[in-house]
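The next block holds one structure in the form of structure tokens; read it before the comments.
Chains as they are written, first to last, in the working numbering: chain A, 3 to 307; chain B, 371 to 694.
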């Protein structure tokens, strides 16, 4: 484009064949790109657009396949008003999705903040501090990564109910306030901070906590943000654990709430679409906004959240 | 640390202001503890203590509790009733549903992992370019990874719906008659597999892409100088150097996929005729629907052992591999 701008005739100087070939390659490449975007985004687009129309419209426009299979004819927020218990129908069914969203948000924020405090401290310990048998402790921490989470959830449930944490937010928060993956990944980040900074702070009379606060944390911010993102996604998307630990419907997290809603009332597709959008869009939006850090985090830790 | 410097005895005043060490036992211990090195260790231990407590109580203790309750007739309400030794494990060996669910789990892993790794390798190579359009496609491929597996399962269950599903609507465009997916015992597990490959593809793609970036360009350049074509470079340079990353993806995906639970819970509840009843769902049924925590714990221990063996193999591979 630039050369065409500076030399209006430049494009004609190129051999036509070359242009065609170049165009041909990029066309097939863009075709593949387009197909990929369609494959990976269609279900989510169907979900979001389906939540913005009336329910009978979803079914009426499914066959034959057309643009209106996706695109609403009449745009409306009715399904959301139902879910939040604002509309008449929502009141009738006693829906209050804001409650589940608030629960999920509260638990996620509590886990992320407590886990950042304790994991950063742990990471600092392994990256910098001197301690007898530190290697044994490191093995103790790293070995927990080998314990499969879903497969050992029954035993975890036994322990948590023995501690009396069942059916409370504590049961959702306390088991996750430290994570071996986060400690390990943050320790890698901290090791890359020049040690001279610590030493300078020591000479200035800073305590260990002072070094952590004023030297390590400011320099490890990218790593900390990345880990906070992964952790938030992990907790927000948690399903199996809240499913078994929480009995009180008012304390339930959003993922379990939408799953229960769909299995009980398979027919209300509009509301299901709206609930699913509410349960997934916060994390997707966070991902799109902070993508660079997110992908870096996944690539460096191999951690799925 | 300046505070712990020895007092300057050249100045006579210091001698008088610092009291002599007391002979009192408690004070001796206290002064010992207050030595800079010990004090440092004490403070340092506070940094790791919360994590150690968490891992002891919520990661290791459950395994001990499971090992114990697997030897008892145990339920949460009834507590420990009778000690039955290895009876649960013996029952497990003779439980056809246990073997069936292990079989289903293995089938799921065997279908999913190779397909996913192959496709994500292709995508990683295709989308490696640092152009704007490939960055957009990469984000699109990665979006299902951050979407909750519950939402993915719900939406795909609707897409797979035999009467009202989107997939049948798209198929009808090509004149293909309506298909059943989740209600057909032969198709339910492949349908779940396809969905989970779709969801996890972006995750393995990103890791493989990081691996591709880690390969020093000199090797590729040397091969080009020697006259190697793109396929030869792929086969003889890229793949061998990527072996480590690929093995990592295979092993971690095997461990993740072996524990597949949510899609089964949301979409099929293990059916039709147990064709999607994976092991974690079977454990869930025993532990929480049939309230038999003892048997559920025994099966958890066996699953844990299987996955530990997989992890050990992983460590072996990582140690023996050549660095580049």
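We treat Cβ as the ideally placed atom computed from N, Cα and C, and that holds for glycine.
Cutoff 8 angstroms: residue i Cβ touching any chain A Cβ
i: residue 520 (chain B); result: yes
i: residue 469 (chain B); result: no
i: residue 503 (chain B); result: yes
i: residue 608 (chain B); result: no
i: residue 424 (chain B); result: yes
i: residue 693 (chain B); result: At residue 693 (chain B), the pLDDT of 46 sits below 50, so the modelled position is not reliable; the number obtained from the coordinates is stated separately. Closer than 8 angstroms: no.
i: residue 696 (chain B); result: Any property of residue 696 (chain B) remains undetermined from this structure, which presents chain B solely from 371 to 694.
i: residue 526 (chain B); result: yes
i: residue 480 (chain B); result: no
i: residue 678 (chain B); result: yes
i: residue 629 (chain B); result: yes
i: residue 453 (chain B); result: no
Contact under 8 angstroms by Cβ, residue i with residue j
i: residue 59 (chain A); j: residue 45 (chain A); result: no
i: residue 185 (chain A); j: residue 124 (chain A); result: yes
i: residue 565 (chain B); j: residue 526 (chain B); result: yes
i: residue 443 (chain B); j: residue 451 (chain B); result: yes
i: residue 554 (chain B); j: residue 623 (chain B); result: no
i: residue 671 (chain B); j: residue 437 (chain B); result: yes
i: residue 278 (chain A); j: residue 260 (chain A); result: yes
i: residue 572 (chain B); j: residue 615 (chain B); result: no
i: residue 241 (chain A); j: residue 519 (chain B); result: yes
i: residue 231 (chain A); j: residue 299 (chain A); result: yes
i: residue 54 (chain A); j: residue 78 (chain A); result: yes
i: residue 238 (chain A); j: residue 285 (chain A); result: yes
i: residue 171 (chain A); j: residue 108 (chain A); result: yes
Closer than 8 angstroms to chain B by CB, residue i
i: residue 173 (chain A); result: no
i: residue 289 (chain A); result: yes
i: residue 82 (chain A); result: no
i: residue 306 (chain A); result: Any reading at residue 306 (chain A) needs caution, since the residue's pLDDT is 46, under 50, leaving its predicted position unreliable; the model's value is listed next. So, interface residue.
i: residue 48 (chain A); result: yes
i: residue 310 (chain A); result: Not covered by the structure: residue 310 (chain A). The range shown for chain A is 3 to 307.
i: residue 160 (chain A); result: yes
i: residue 127 (chain A); result: yes
i: residue 124 (chain A); result: yes
i: residue 228 (chain A); result: no
i: residue 149 (chain A); result: yes
i: residue 199 (chain A); result: no
i: residue 102 (chain A); result: no
i: residue 274 (chain A); result: yes
i: residue 246 (chain A); result: yes
Between the CA atoms of residue j and residue i - distance to the nearest angstrom
i: residue 656 (chain B); j: residue 257 (chain A); result: 23 angstroms
i: residue 628 (chain B); j: residue 32 (chain A); result: 36 angstroms
i: residue 252 (chain A); j: residue 101 (chain A); result: 7 angstroms
i: residue 640 (chain B); j: residue 472 (chain B); result: 13 angstroms
i: residue 273 (chain A); j: residue 583 (chain B); result: 44 angstroms
i: residue 362 (chain B); j: residue 127 (chain A); result: In the structure as shown, chain B starts at 371 and stops at 694, and residue 362 (chain B) therefore has no counterpart that could be examined.
i: residue 661 (chain B); j: residue 669 (chain B); result: 14 angstroms
i: residue 249 (chain A); j: residue 169 (chain A); result: 6 angstroms
i: residue 146 (chain A); j: residue 608 (chain B); result: 33 angstroms
i: residue 225 (chain A); j: residue 198 (chain A); result: 20 angstroms
i: residue 630 (chain B); j: residue 589 (chain B); result: 39 angstroms
i: residue 280 (chain A); j: residue 174 (chain A); result: 20 angstroms
i: residue 531 (chain B); j: residue 65 (chain A); result: 13 angstroms
i: residue 684 (chain B); j: residue 144 (chain A); result: 14 angstroms
i: residue 215 (chain A); j: residue 76 (chain A); result: 54 angstroms
i: residue 439 (chain B); j: residue 158 (chain A); result: 12 angstroms
Residue i: first and last residue of the uninterrupted beta strand (DSSP E) it sits in
i: residue 548 (chain B); result: Where residue 548 (chain B) is concerned, there is no enclosing beta strand (DSSP E), given that its DSSP letter is neither H nor E.
i: residue 451 (chain B); result: 449 to 453
The alpha helix (DSSP H) enclosing residue i, as first and last residue numbers
i: residue 442 (chain B); result: Run containing residue 442 (chain B): none in the alpha helix (DSSP H); it sits in the beta strand (DSSP E), 442 to 445.
i: residue 499 (chain B); result: Looking at the DSSP string, residue 499 (chain B) is not in any alpha helix (DSSP H), and its letter there is neither H nor E.
i: residue 197 (chain A); result: 197 to 205
i: residue 56 (chain A); result: Element bounds for residue 56 (chain A): n/a, residue is neither H nor E.
i: residue 568 (chain B); result: 558 to 584
i: residue 622 (chain B); result: 609 to 628
i: residue 648 (chain B); result: No alpha helix (DSSP H) holds residue 648 (chain B); DSSP gives it neither H nor E.
i: residue 424 (chain B); result: 406 to 425
i: residue 98 (chain A); result: Note, residue 98 (chain A): premise wrong, no alpha helix (DSSP H); not H, not E.
i: residue 87 (chain A); result: Unbroken run through residue 87 (chain A): none, as it is neither H nor E.
i: residue 736 (chain B); result: Nothing in the structure corresponds to residue 736 (chain B), since chain B is present only between 371 and 694.
i: residue 164 (chain A); result: 155 to 164
CB contact check: residue i to chain C, cutoff 8 angstroms
i: residue 620 (chain B); result: The structure shown has no chain C; the protein chains it does contain are A and B.
Any non-hydrogen atom of the ligand ADP closer than 7 angstroms to residue i Cβ
i: residue 506 (chain B); result: In the structure on display, the ligand ADP does not appear, and there are no ligands present to speak of.
Notebook entry, point to check: Which of the residues in the segment 529 to 559 of chain B, read from start to end, lie with their CB under 7 angstroms from any CB of chain A?
Noted result: Along the segment 529 to 559 of chain B, going in chain order, the ones with a CB nearer than 7 angstroms to a CB of chain A are 529, 534, 536, 539, 540, 542, 543.
Item checked: Contact set between the segment 642 to 659 of chain B and chain A, restricted to residues whose Cβ is under 7 angstroms from the partner -> If the cut-off is 7 angstroms between Cβ atoms, the segment 642 to 659 of chain B has 650, 653, 657, 658 near chain A.
Check: If contact means a Cβ-Cβ distance below 7 angstroms, which residues of the segment 662 to 674 of chain B contact chain A?
Finding: Of all residues in the segment 662 to 674 of chain B, 663, 666, 667, 670, 673, 674 have a Cβ within less than 7 angstroms of some Cβ in chain A.
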